[in-house]
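Below is one structure, written out as structure tokens, with a few remarks after it.
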Amino acid sequence: MKLLIVEDSARLSAALTSDFRREGFAVDHAGDGQAALGQIEAHEYDLVILDLMLPRVSGLEVLRALRASRAPTRVLVLSARDQTEDRVAALNLGADDYLVKPFDLSELKARTLALLRRRYGETSGVLAHGELTLDTNARLATVRGSPLPLTPKEYALLETLLRHRGRSFTRVALFERLYDGLSEASDRVVEVIVSTLRTKLASAGIRELIETRRGFGYRVP
Amino acid sequence: MSSSRPGEALAIVFREWVGRSLQRRLLVSLLLGVGLSLAAFQMVVDRLVDRYIERSFSAQAVDVAQRDQLMREVDVILLGGVVTVLGVCALVTVVSVRQGLKPLERVASAAQEISIDQHARALPLSDVPAEIQPLGERFNQLIERLTDALEHERRFGADLAHELRTPLAEIRTLGEAGLARQDVAGLHEFLRQMTAAAVGMQSVIESLLAVARADRAAVQQALEPMSVSAAVRSRIERLRITAPEDSSRIVSRVSEGLWIHSDPRLFDAMLLNLLANAMQHGAPGTPIEIEWLAEGSGASGALQVRNAAPQLAREDLPRLTDRFWRGAPGKRAGDAQGLGLGLWVVGSLCRVLGLTLALDLDEMRHLTVRLAGFRAL
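Top to bottom, those sequences are chains Z and V.
Just so we're aligned, residue 1 is where the first sequence starts under the numbering used here, counting upward by one.
Just so we're aligned, residue 1001 is where the second sequence starts under the numbering used here, counting upward by one.
Okay, here's the thing in structure tokens:
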């Protein structure tokens, strides 16, 4: 899952980025509206966490531009403005949710996950494939009810493939979804993650879940 | 219609000229009372005189007893006339004044409905007596000023709450995210950032309190002689400890021996905010110059701080002293981000001290902030 945090408070964005990355999200950060517009044009984000009072270009302008591009990206507005008219303006412009600062981090994460579920048309936080189950709220994989210990990146890759069953992802496409723009890692790291994930799944009794299609990439059938 | 016109005109004149003034109402009431009473008195006296003449012609002579009785009747009528005149005058006056004061009842109930929770409406003064009009107008002006002040306070409260939400969100999120971290180095960095956010909040509160506590009347009474050069030197020395890198850019051109009549505490607060503003928003590495300019014949002087401000435009100048204005385009990121309070504090303290604040941006984008009107000794 790829998130963009648009926030001019360096401290707040650092804390949010750190926490979401720890959960396995690929997180980019933009410190002003202009940078946010550049990031949105260059990458496909699942969700944007957007402050309203931004330097250069306001958050509402960013929202307007994002909706004009018809991208399916979900937008959660995170603002110190608590007046009803501010919420109404943001929601009318196409924001999917609105949270006022200061906020509870667990609530922000719960709302983020709810928006991501809506983004993919899911009603519950559970993705299942045979004996394998993914709890997307707890970000936990289980096989026949037993936890399968995965790293955040392994979990994120498995969740992406299960969420888009039947669709093939190239190595670059997966890298783009798993790593933020500042990452210095090579896209070859995806091969390593797929390899370790396959090993862990196999040891739990699930073999050949992830297919390799030459020229197309990886998929879960 | 035409026949009623003179009547209408008279009614209008009466309403406009007499009805609007309590004094004129009283005067007209008195004249009316006296007039009515005199008319009645005249009628009674005429009848007495007629009776006296009638008796004089019917009898050969008026005896003493008849004359005494006539005199008693005249006395009674005179006394009765005076009492009647007074009574009629009092009645007409009471009715007239009561009518004249009726609009005040409407004003009183309008005043009773004034609430501090909503925008107060002005008192209706259209039909209030002329003598009360100035009082009503003053009251309405007071209400207007109070409403403005309340609105100002409400906006101030909303601004403050808004400005404190972001550092509060920083502290809370850093705390919650920090609790989930296992690495000591990361946790240490989070704690450092939390402390910086708390210091930012403290600065907001202290700046606002400094202005709130600076009472103009009290300050004007407590002005004292102070040395400008000593105050500038002392402030720079303290900045050398707290901000050694940025403060090395400060150049003071204030000569020794300059004495003014001012408040040393507020002078220092203004100088600190001016220098902090220049250090934070000025071009890094460029000098920050402090100068003292004599004004007029030397009876007064101005303190001036000048620095390069490449991110500023001339159209930004009117907004520089706005509360919480940060000059969004081109502002520096991270810890160097300002609160948007420095020049607002300076402007507010200038008003308290009776000084004039002037801002100028030259073609080379050098910002000059001048505090003029210090009384030299």
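Ideal Cβ placement from N, Cα and C applies to all residues, glycine included.
Check whether residue i and residue j have beta carbons under 9 angstroms apart
i, j, result
"G130(Z)", "A138(Z)", "no"
"L66(Z)", "I40(Z)", "yes"
"D1263(V)", "E1224(V)", "yes"
"D28(Z)", "D180(Z)", "yes"
"R1378(V)", "A1299(V)", "Residue 1378(V) is absent from the model: chain V starts at 1001 and stops at 1377."
"M1201(V)", "L1164(V)", "yes"
"A1196(V)", "L105(Z)", "no"
"G1100(V)", "R1025(V)", "yes"
"L1160(V)", "V1199(V)", "no"
"G33(Z)", "V77(Z)", "no"
"E1105(V)", "A1122(V)", "no"
"Y218(Z)", "R177(Z)", "no"
Presumed contact (8 angstroms Cβ cut-off) between residue i and residue j, rounded CB distance
i, j, result
"V88(Z)", "L50(Z)", "Not quite, the Cβ-Cβ distance comes to about 16 angstroms (not below 8 angstroms), so this is no contact."
"G1081(V)", "S1126(V)", "With a Cβ gap of about 41 angstroms, G1081(V) and S1126(V) do not count as contacting."
"D46(Z)", "L116(Z)", "6 angstroms"
"R1365(V)", "A1309(V)", "6 angstroms"
"R144(Z)", "V220(Z)", "The pair is not a contact, with the Cβ atoms about 18 angstroms apart (cut-off 8 angstroms)."
"L1266(V)", "V1219(V)", "7 angstroms"
"Q1304(V)", "L1293(V)", "6 angstroms"
"L1030(V)", "T1093(V)", "7 angstroms"
"G1373(V)", "L1355(V)", "4 angstroms"
"L134(Z)", "L158(Z)", "7 angstroms"
"D82(Z)", "V100(Z)", "5 angstroms"
Exposure label - residue i; buried when at least 16 CB within 10 Å
i, result
"S203(Z)", "exposed"
"Y120(Z)", "exposed"
"G205(Z)", "exposed"
"L1179(V)", "exposed"
"P1148(V)", "Per the sequence shown, residue 1148(V) should be read as Asp rather than Pro. Result: exposed."
"S1109(V)", "exposed"
"V1049(V)", "exposed"
"R213(Z)", "exposed"
"S1096(V)", "buried"
"M1(Z)", "buried"
"P55(Z)", "buried"
"W1259(V)", "exposed"
"T1173(V)", "buried"
"E154(Z)", "buried"
"P1167(V)", "buried"
"D1335(V)", "In this prediction, D1335(V) has a pLDDT of 38, which is less than 50 and means its spatial position is unreliable; what the coordinates show is noted afterwards. The residue in question, D1335(V), is exposed, as its Cβ has fewer than 16 Cβ neighbours within 10 Å."
"L1377(V)", "exposed"
"T112(Z)", "buried"
"P1103(V)", "buried"
"G1007(V)", "exposed"
"Q1005(V)", "The identity of residue 1005(V) in the sequence shown is Arg, whereas the question assumes Gln. With fewer than 16 Cβ atoms within 10 Å of its Cβ, R1005(V) is classed as exposed."
"I1241(V)", "exposed"
"D1046(V)", "exposed"
"S1002(V)", "Its pLDDT being 47, under 50, S1002(V) is placed unreliably in this model, and the value from its coordinates should be taken loosely. Answer is exposed; the Cβ neighbour count stays below 16."
"I193(Z)", "buried"
"N1273(V)", "buried"
"V6(Z)", "buried"
"F1014(V)", "exposed"
"I1012(V)", "exposed"
Chain B residues whose Cβ lies nearer than 7 angstroms to that of residue i
i, result
"R64(Z)", "Protein chains in the displayed structure are Z and V, and chain B is not among them."
Exercise. When Cβ atoms are compared, which residues of the region 1180 to 1198 of chain V fall closer than 9 angstroms to chain Z?
Worked result: A1180, R1181, G1186, E1189, F1190, Q1193, M1194, A1196, A1197
Exercise. Does the count of Cβ pairs from the region 1348 to 1362 of chain V and the region 1278 to 1286 of chain V closer than 8 angstroms reach three?
Worked result: no
For this session: Residues of the region 1147 to 1179 of chain V with a CB closer than 7 angstroms to any CB of chain Z: list them in chain order, please.
Result: The residues in question are H1162, R1165, T1166, L1168, A1169, E1170, R1172, T1173, L1174, E1176, A1177.
Problem set entry | Residues within the region 12 to 31 of chain Z neighbouring chain V, beta-carbon criterion of under 8 angstroms | L12, A14, A15, L16, S18, D19, R22, G31
For this session: Would you check if the region 1288 to 1305 of chain V and the region 1317 to 1324 of chain V touch, i.e. whether three or more CB-CB distances between them fall below 8 angstroms?
Result: no
Exercise. If you measure beta-carbon to beta-carbon, which residues of the region 86 to 104 of chain Z are closer than 8 angstroms to chain V?
Worked result: V100, K101, P102, F103, D104
Problem set entry | Three or more C-beta pairs below 8 angstroms linking the region 1240 to 1250 of chain V and the region 1207 to 1216 of chain V | no
Exercise. If contact means a Cβ-Cβ distance below 9 angstroms, which residues of the region 159 to 170 of chain Z contact chain V?
Worked result: Cβ contacts with chain V come from no residue of the region 159 to 170 of chain Z.
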